[in-house]
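J.: Take a look at the following structure, please.
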Amino acid sequence: MNNSIRVSCTKKNLKLIRDFVTKYLQGLALSDVLMNQIVLAVDEICANLIIHANNEDPSKYIYLTITEPKDAVQFEITDNGVAFSTHDYKEPDILEHVRVGKKGGVGIALVRRIMDKVEFTTKGDANSCLLYKKIK
């Protein structure tokens with residue numbers, strides 16, 4: 001089974017990514033809820049990279065590779081855009097966002113709640129986000 005995809009940085013490619021991840025996960029016999037949560041987490045990271053790190057520039061690309069370390073599934077998403085700074089990131093108050101009707105700004109917090117491990121790294125001009133979820 002194909003475990004990697006490369007897409008240009010346009011929002012229309014988010015559907016390709018969701019479909020790719022869904023098709024891969026269907027082979028792992030996960031519950032629908034867990035599968036949808038994982039697809040949401042991967043989609044959120046990819047959307048952030050396309051929109052914020054790469055300014056929806058179709059001449060730039062993001063790469064997604066799925067692997068299966070022991071009893072888990074791992075997603076590595078790489079690009080050459082502006083790196084996400086975990087140092088500057090402040091966890092939002094999600095309940096306050098809901099109370100005031102604010103849209104956006106909770107994606108990373110949501111991803112961290114869904115996945116077991118979320119890591120952002122940069123080496124030179126290459127950025128990587130690693131998402132890890134135990135599945136057994």
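Per full-length UniProt numbering, the very first residue in the sequence shown carries number 1; after that it's consecutive. For every residue, glycine included, the Cβ atom is placed at its ideal position computed from N, Cα and C.
(1) Quick check on this structure: which residue in 19, 75, 52 has the alpha carbon closest to the alpha carbon of residue 130?
(2) Smallest Cα separation from residue 107: which of 44, 24, 23, 62?
(3) Which residues does DSSP list as the beta-bridge partners of residue 15?
(4) Which term fits residue 78, buried or exposed, when burial requires 16 or more other beta carbons within 10 angstroms of its beta carbon?
(5) Using DSSP bridges, identify the partner residues of residue 6.
(6) Nearest to residue 117 by CA position, among 42, 13, 25, 16, is which residue?
(7) I think residue 46 touches residue 64, with their Cβ atoms under 8 Å apart; what is that distance to the nearest whole Å?
(8) With respect to the beta strand (DSSP E) encompassing residue 127, which residues constitute its N-terminal and C-terminal limits?
T.: Reading off the structure:
(1) 75
(2) Shortest Cα-Cα distance from residue 107 to any of 44, 24, 23, 62 involves 44.
(3) None; residue 15 has no bridge partner.
(4) It is buried - the Cβ of residue 78 has at least 16 other Cβ atoms within 10 Å.
(5) 63
(6) 42
(7) 7 Å
(8) 126 to 134
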